[in-house]
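Student: This is the structure, below, for whatever I ask next.
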Amino acid sequence: MANAAFSPKDFKAWVVEETDTGNNAGALDAPAITSGLFQLDVDSVSFPSIAPNQVLDKRTSLGRVLHANDFYQDNVLRPTEVSLSGTYHNDTGHILLMQSVCGVDLQSTVADVVIPTASSTVSGLYGSGTEANKTFTLVLAPPDTTDGYNIVLVGCLCTSFSISADSTSEGGLYKWSATISTGCKPITNNTATEAGTVYSSAPISIATLTSATTINSITSTVLSSFNVTVDSPAVYSGVAATGFAAFARGAELSVTCSAQVKYDSVTRPLLNNFNTQSAHDAADFFTMTQATATDCSIAIGAGVLTNVALSEGDIMMVDVEGKAVNVGNDIISFNLA
Numbered sequence: 001m002a003n004a005a006f007s008p009k010d011f012k013a014w015v016v017e018e019t020d021t022g023n024n025a026g027a028l029d030a031p032a033i034t035s036g037l038f039q040l041d042v043d044s045v046s047f048p049s050i051a052p053n054q055v056l057d058k059r060t061s062l063g064r065v066l067h068a069n070d071f072y073q074d075n076v077l078r079p080t081e082v083s084l085s086g087t088y089h090n091d092t093g094h095i096l097l098m099q100s101v102c103g104v105d106l107q108s109t110v111a112d113v114v115i116p117t118a119s120s121t122v123s124g125l126y127g128s129g130t131e132a133n134k135t136f137t138l139v140l141a142p143p144d145t146t147d148g149y150n151i152v153l154v155g156c157l158c159t160s161f162s163i164s165a166d167s168t169s170e171g172g173l174y175k176w177s178a179t180i181s182t183g184c185k186p187i188t189n190n191t192a193t194e195a196g197t198v199y200s201s202a203p204i205s206i207a208t209l210t211s212a213t214t215i216n217s218i219t220s221t222v223l224s225s226f227n228v229t230v231d232s233p234a235v236y237s238g239v240a241a242t243g244f245a246a247f248a249r250g251a252e253l254s255v256t257c258s259a260q261v262k263y264d265s266v267t268r269p270l271l272n273n274f275n276t277q278s279a280h281d282a283a284d285f286f287t288m289t290q291a292t293a294t295d296c297s298i299a300i301g302a303g304v305l306t307n308v309a310l311s312e313g314d315i316m317m318v319d320v321e322g323k324a325v326n327v328g329n330d331i332i333s334f335n336l337a
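Residue numbers are given in the working numbering: position 296 of the sequence shown equals residue 296, and the series is strictly consecutive.
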C-alpha cells in the first residue's frame, strides 16, 4: 500500500565526477552514490524521458493486431537526456557542469574555467578503466528510497550550460540552466541513500557587477539582463551491454551571449556597429566583472554581433546578441577562484 505523497519540490539533484568514465564503482549497474555527491540548486527537478527503442509494427500473416511475437524493446542503445535549471552558486556541483561543457577535466576543487583557443575534444570509452574525470554521475533522488527510487545516470556529459541574470527578477540573482546527456542506459530502481555536500549559501547577484560591463568594446553600459551559453553536443558510438561504447563531442563548440542595455549616448553605436559590421571585434567583446572578481566574472575576448535591436519598454532598451570567435585568445573565461 502506498504511504507517501511527495511534493515535486522534495526531489534533489546531485552530481559527482567519475574516476572511470561511466563506471563509478567497478560496475556500471552499481554506481557509488551513497557519499561524495554535490547537490545542485534546482528550481524543481526535471526528469529524463525514458524512451526505450520499441518495435510495435504489425507483421504479415499473424492477424490484423500486433502479435506478441513481434514486439521488441531495447533500453540500451539510445542516449538519455535531461534539462535542469536553478540558482547559480560558485561551488563544486555547479562548476562541475561548467567544466564538463567547456571540455576541461572535472575536479572537486573550485578553479577558474577557461576554454583556450587550442581546446581539445574530450572523447573516450565507457568503463575502460583508464580514463578519469571526463564524465560524471547524476542522481535524481526522491525524499526517501522506501517509497521512491533514485534515477541514476552514469557516464554523463553536460552538452549545454547557461548563466543568466535579470535585474527585474529575483533581485538579479544569477541563474543557470543545463542539458545533461549520457550514452549509458539509465538506472531507474536504485535504493541507495544518497549523501554529500549541499550547495553553498552564497548566491550571486547582478547588483554586484561593477560599471565595467563591456559589450562590443563599449564600456560602462547600463545593464538590465544578460545570458551566456556554451553548447557542446555529445555523440555516441559503438555497442556495449550497458549502452554505447564510446562518447565524443560534436563538430562545434559554440559560445553565445546576449544582453539588454539602456539606449543612450553610450550604447547608441551598437545598432550601427551591427549594420556596418565587416569583421570580428577582438577588444573585450563581452566582459562582465563582479566587484569580487572571483564571483563568476565572465570574459569573451573576441566575437561578432549576431543581432542588435531596439526594445520598447518603460524606457528604450537595446537587445544585443553575439557569438565568440577564435582569434588565438581564450574563447571564454569564467573567473571563479
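For each residue, glycine too, the CB sits at the ideal point set by N, CA and C. Treat the numbers as computed from the prediction; the structure is a model and nothing was measured.
#1: Below 8 Å on the Cβ atoms is my contact criterion, and I expect Asp295 with Ile204 to pass it. Report the Cβ-Cβ distance as a whole number of Å.
#2: DSSP three-state label for Met98, please.
#3: Any chance the region 235–251 sits against the region 309–318, with 3 or more Cβ pairs inside 8 Å?
#4: Which partner residues does Asp281 have in the DSSP bridge list?
#5: Are there 16 or more other CB atoms within 10 angstroms of the CB of Asp112, so buried, or fewer, so exposed?
#6: Count the other CB atoms, across all protein chains shown, that sit within 10 Å of the CB of Gly171; report buried if there are 16 or more and exposed otherwise.
#7: From the DSSP output, which residues share a beta bridge with Phe161?
#8: Residues in the same chain with beta-carbon distance under 6 Å from Thr197, minus the five sequence neighbours each way, listed in chain order, please.
#9: Am I right that Val76 and Gly238 are in contact with their C-beta atoms under 8 Å? What's the rounded C-beta distance?
#10: Decide if Gly22 is buried, meaning its Cβ has at least 16 other Cβ atoms within 10 Å, or exposed.
#11: Kindly indicate which three-state DSSP category Val170 falls into: helix, strand or coil?
#12: Out of Leu271, Pro116 and Pro48, state which residue places its alpha-carbon closest to the alpha-carbon of Val343.
#13: Identify whether Phe274 lies in helix, strand or coil by the three-state DSSP scheme.
#14: Classify Gly238 as helix, strand or coil using the three-state DSSP reduction.
#15: Roughly how many angstroms separate the alpha carbons of Glu81 and Pro142, rounded to a whole number?
#16: Could you have a look at Ala141 and say whether DSSP puts it in helix, strand or coil?
#17: Identify every run of the beta strand (DSSP E) within the region 54–132, keeping only runs that are complete inside it and at least 3 residues long; order them along the chain.
#18: Do the region 6–18 and the region 130–137 meet, that is, are 3 or more Cβ pairs less than 8 Å apart?
#19: Hey, is the region 217–224 in contact with the region 81–101, meaning 3+ C-beta pairs nearer than 8 Å?
#20: Whose C-alpha, out of Leu40, His280 and Gln260, is nearest the C-alpha of Ser201?
#21: For the beta strand (DSSP E) containing Cys257, list its first residue and its last residue.
#22: Considering only residues of the same chain and omitting the five flanking positions on each side of Arg64, which have a CB-CB separation below 8 Å?
#23: DSSP puts Lys134 in a beta bridge; with which residues?
#24: Spatial neighbours of Ala299 within its chain, please: CB distance less than 6 Å, with the 5 preceding and 5 following residues excluded, ordered by chain position.
#25: Report the residue from Arg78, Leu56 and Val152 whose alpha carbon sits nearest the alpha carbon of Asp70.
#26: In terms of alpha-carbon separation, which member of Cys257, Ala291, Gln290 and Thr145 lies closest to Ala192?
#27: If you measure from the beta carbon of Val266 to each beta carbon in chain D, is any gap under 8 Å?
#28: Between the C-alpha atoms of Cys102 and Ala302, what's the straight-line distance to the nearest angstrom?
#29: Which word fits Ile50, buried or exposed, when buried means at least 16 other C-beta atoms lie within 10 angstroms of its C-beta?
Tutor: For this structure:
#1: 5 Å
#2: helix
#3: no
#4: Gly303
#5: exposed
#6: exposed
#7: Ala178 and Val230
#8: Phe38
#9: Wrong, their Cβ atoms sit about 12 Å apart, outside the cutoff.
#10: buried
#11: Per the sequence shown, residue 170 should be read as Glu rather than Val. In the structure shown, Glu170 sits in a helix (DSSP, three-state: H, G or I).
#12: Absent from the structure is residue 343, since the part of the chain shown begins at 1 and ends at 337.
#13: helix
#14: coil
#15: 19 Å
#16: strand
#17: 72–74, 80–87 and 113–115
#18: yes
#19: no
#20: Leu40
#21: Ser254 to Lys262
#22: Lys58
#23: For Lys134, which the question treats as bridged, DSSP gives no partner whatsoever.
#24: Thr287 and Ser333
#25: Leu56
#26: Thr145
#27: The structure shown contains no chain D, having only a single protein chain.
#28: 17 Å
#29: exposed
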